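Following: one structure in structure tokens, then a few remarks.
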């Protein structure tokens, strides 16, 4: 028998470490979502034929949403800092061993890459805005008339998107003090989770804007207001099945990576097995199995599979489930990770 | 170059917390926070039980994860003695170092920066001992240079069995507990 008594009483640390609250999971979720939007936008920009007027949802709406979402994520990150007025110190140094330092610098490149992708087709997506700000048309023409620039913008979005998505997982994965996080699988897991949430968001936007869909009154009102203001043309919904199919692939890979994460821990040391137990049958098990695996991955996989088989119509339900599942995954991993500890092995 | 370590005799420590009070006084630690603390571990089954009382603090690891994860370089290894310190002007309060420390030795100071034991480097630079070591009534705490074979700490380590905390975490802690 071992009985351990600790007389320490530091806030956020005792009785259990809880240094990161809601801000970090929200930031990790939004960062992953934006990474996914960047990769999809980059790929779409590269494979779209010149002058093709289609799939604006991926190349314009996605990056524009990404700019807003990333700003919200960075606001959450800023709110988490306890020495807020020193935030500028992040950009006075580059610490190669610190994933957070890498992330801070990567975030600087995300904005211009997203903006370039959005501007390439912006006049088509929001003609009213382009009419008021003619320079947008000039910029769009400048980009689209230069194939190398289009190629560079697409590749930059893919590369930076992959870096951003991986970094959100690696940030936690390098914390050796928290056994649950200490896995190289977290990087790819967060990347593919980000991709699935991004595909789900774009799929959801397409479903919402589809004209033959019966929308709730408030959504119809909001969408018609936005459409009237922007003078936007209806989005091409032909890409919806492709997005649903892509989302299913990402969800399947995410499920596989979650399995690998748990297998890795279960075949490792006692503290890692104990950490995996937090998710498998411990205090976080109910949320993990119900909201992450069940409602966040398996049910949307099934619903989207039926949509692709034309058994049911495309609805916003799977998109909402995937988005909520992605958010809950970050909350569960951040909370359970902080609860996992080496102290189980104290001498 | 010096390599400061602390050697604590668990057979002498009685958990009086003089070290805790001395640290709070010397370093003006705010109420409700602490840089060092006491732990008690009871092992075995009655009547063959054993009790180990330890005074714990930042281990000033030779491989400090709090330093490698710091995005601004605020957490750093001091050139004198390899002591791990925090520059509060450079700290942004991201709390990555708190999450990275397997000993949970850090806390967020009410002013917003990460704070922890400094081995009282301001005293050591004047040739004095850390406050906790200087007040210990049982003289269970010893501080010195591990690279000097004639130092008290080197001789204690050579003559007595000892252990460190969580060596399996790979941080190479530099506080040794004599058993």
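Residue numbers (the numbering used here), protein chains in the order written: chain A, 422 to 768; chain B, 981 to 1159. Positions of the beta carbon are idealized from the N, C-alpha and C atoms, including for glycine. No experiment lies behind these values; they were computed from the predicted model shown.
- Residue environment for residue 985/B: buried (at least 16 other C-beta atoms within 10 angstroms of its C-beta).
- For residue 1034/B, no alpha helix (DSSP H) run applies; the uninterrupted beta strand (DSSP E) run containing it begins and ends at 1028 to 1036, by DSSP.
- Residues of the region 569 to 597 of chain A whose Cβ lies closer than 7 Å to any Cβ of chain B, in chain order: 595, 596, 597.
- Of all alpha-carbon atoms in 1129/B, 1125/B, 1012/B, the one lying nearest the alpha-carbon of residue 430/A is that of 1012/B.
- Within the region 534 to 562 of chain A, the runs of alpha helix (DSSP H) at least 4 residues long that lie entirely inside it are, in chain order, 543 to 546, 548 to 553.
- Residue-level contact by beta carbon holds for residue 426/A and chain B, with a gap shorter than 8 Å.
- With respect to chain A, the C-beta atom of residue 1023/B has a partner C-beta closer than 8 Å.
- Counting of Cβ neighbours within 10 angstroms places residue 1026/B among the exposed residues, the total staying below 16.
- Fewer than three beta-carbon pairs drawn from the region 748 to 756 of chain A and the region 999 to 1019 of chain B are found closer than 8 Å, and the two stretches are therefore not classed as touching.
- DSSP places residue 1151/B outside both helix and strand once states are collapsed to three, so it counts as coil.
- For residue 1065/B, the enclosing beta strand (DSSP E) has its first and last residue at 1064 to 1066.
- CA-CA distance, residue 716/A to residue 743/A, rounds to 8 Å.
- Within the region 1045 to 1087 of chain B, the complete alpha helix (DSSP H) segments at least 4 residues long are 1045 to 1048, 1076 to 1080, listed from N- to C-terminus.
- Between residue 1040/B and residue 1099/B, the gap from beta carbon to beta carbon is short of 8 Å.
- Judged by DSSP in its simplified three-state form, residue 603/A adopts coil rather than helix or strand.
- With contacts defined by Cβ atoms closer than 8 Å, residue 456/A and residue 538/A do not form a contacting pair.
- In terms of beta-carbon proximity, residue 491/A stays away from the interface with chain B, with every pair separated by 8 Å or more.
- At a cut-off of 8 Å between C-beta atoms, residue 518/A counts as an interface residue with respect to chain B.
- Within the DSSP bridge table, the entry for residue 1023/B names 423/A, 1030/B as partners.
- Contacts with chain A at 8 Å (Cβ-Cβ) do not include residue 998/B.
- Closest in alpha carbon position to residue 1010/B, among 1145/B, 1090/B, 1146/B, is 1090/B.
- Residue 1095/B has 1087/B as its beta-bridge partners, per DSSP.
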